[in-house]
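Quick note on this note's numbering: the sequence shown kicks off at 17 and runs consecutively.
Note that the Cβ used here is the ideal one computed from N, Cα and C, for glycine as well.
As structure tokens, the structure follows; a few thoughts come after it.
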Amino acid sequence: MRPLFAALALSLTLGGCTESRTPPAPRGPAPTAPTAPTAATVVTVPAPAASLAAPARTAEVLRSPCEGPGDPQRRATSPDGRTSVFVVVDGTRQDETTLGPEPHEDLCMARGSGPPTVLVAGRGTDADPPERILASFQDLLFAPDGATLFFTTSAWVTSRAAHAVQIDGGKESYLFDGRVVSPITRGPHAGMYLAAHFRLDPDHPVDSPKYRGRIETWSVVTRAGKAIRRVSDAEAEKLR
């Protein structure tokens, strides 16, 4: 009886619920495992196309203030001929002065074969006192040794301002109202300078028929701009 029961159990299994099937074998050739490259394997990486290369950058060249044309009427040369100074005007900018806006100017210097450089940079704002405004450079004059340059700038209604600057990198300094006319080369004041100033007549009252209004006066000054004494027109003529 046992074989009969075993066959009956097998028939129930196949007819109902627990039939198992073996999955069909895959068709086509069997896949092959990848092989690792050997030491003799050479990998070649193609170079990028020329069109993909980054464009070269061009450095921006800044224009020097002294590259512009200098004013031929405002130029001076040192006694040894090695240094020249000149005024360059930048009409695209303005500086404020007591007398109104002026085109921006720089006082430039050329020495030897090198490029010109700024000796005194122009400036001027509404907040600056007249003696600190550096605009409308005029009356350029070298000291006899060529180490100092004297010049004037726009300042007051009645007078300009005299300044000095050391050629070898010294700072610009205000001297007095007026201008340095010439060095004094003889007499007790040799080594000093003749200076001119514009003043309202100091000798006569305004209501006097002798009142001369705005006149030019003269004095002897040191290199630092300190007035030593006042001189007459006749004496100033001799000191020139």
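Check whether residue i and residue j have beta carbons under 8 Å apart
i: Val-247; j: Trp-234; result: yes
i: Pro-81; j: Asp-122; result: yes
i: Arg-228; j: Asp-217; result: yes
i: Ala-211; j: Ala-178; result: yes
i: Ile-183; j: Thr-99; result: yes
i: Gly-140; j: Leu-191; result: no
i: Ala-151; j: Gly-138; result: yes
i: Arg-11; j: Arg-215; result: Examination of residue 11 is not possible in this model, given that the chain is present from 17 through 256 alone.
Alpha helix (DSSP H) segment containing residue i, residue limits
i: Leu-123; result: Counting along the chain, Leu-123 falls outside any alpha helix (DSSP H), though it belongs to the beta strand (DSSP E) covering 116-127.
Anticipated Cβ contact below 8 Å, residue i with residue j, distance rounded
i: Ser-94; j: Phe-153; result: Their Cβ separation, rounded to whole angstroms, is 17 Å, which puts Ser-94 and Phe-153 out of contact at 8 Å.
i: Thr-164; j: Ala-180; result: 5 Å
i: Thr-113; j: Val-173; result: Contact doesn't hold; Cβ gap of about 11 Å is too wide.
i: Val-136; j: Glu-188; result: 5 Å
Unbroken beta strand (DSSP E) run spanning residue i, endpoints
i: Asp-249; result: Asp-249 -> not in any beta strand (DSSP E); alpha helix (DSSP H) instead, spanning 249-255.
i: His-179; result: 177-182
i: Pro-199; result: 195-199
Reference residue i, options the options, closest by Cα
i: His-213; options: Ile-231, Asp-142 and Ile-200; result: Ile-231
i: Leu-156; options: Glu-147, Phe-102 and Tyr-190; result: Phe-102
i: Pro-88; options: Cys-124, Leu-115, Asp-96 and Gly-162; result: Cys-124
i: Arg-90; options: Thr-133, Gly-97, Ser-129 and Val-105; result: Val-105
i: Ala-143; options: Gly-116, Ser-129 and Val-134; result: Gly-116
i: Asp-193; options: Ala-252, Pro-132, Ile-149 and Gln-110; result: Ile-149
i: Gly-185; options: Thr-133, Val-196 and Ser-224; result: Thr-133
i: Asp-161; options: Ser-224, Gly-97, His-220 and His-205; result: Gly-97
i: Ala-92; options: Gly-128, Ala-250 and Phe-167; result: Phe-167
i: Arg-256; options: Ser-175, Gly-207, His-220 and Ser-198; result: Ser-198
i: Ala-243; options: Glu-147, Ile-200 and Tyr-209; result: Tyr-209
i: Ala-206; options: Val-236, Pro-225 and Thr-108; result: Val-236
i: Glu-251; options: Asp-111, Ile-200, Gly-107 and His-120; result: Ile-200
i: Pro-204; options: Asp-219, Arg-245 and Arg-109; result: Arg-245
In DSSP terms, what residue i is bridged to
i: His-213; result: Thr-233
i: Arg-228; result: Looking at the DSSP assignment, Arg-228 forms no beta bridge with any residue, so it has no partner.
i: Phe-86; result: Reading off the sequence, residue 86 comes out as Gly, not Phe. DSSP, once it has assigned bridges, lists Val-104 as partnering Gly-86.
i: Ser-189; result: Ala-180
Residue i CB to nearest heavy atom of the ligand HEM below 7 Å
i: Trp-234; result: This structure does not include the ligand HEM; it has no bound ligands of any sort.
Any C-beta of chain D under 8 Å from that of residue i
i: Tyr-190; result: In the displayed structure, chain D is absent; only one protein chain is listed.
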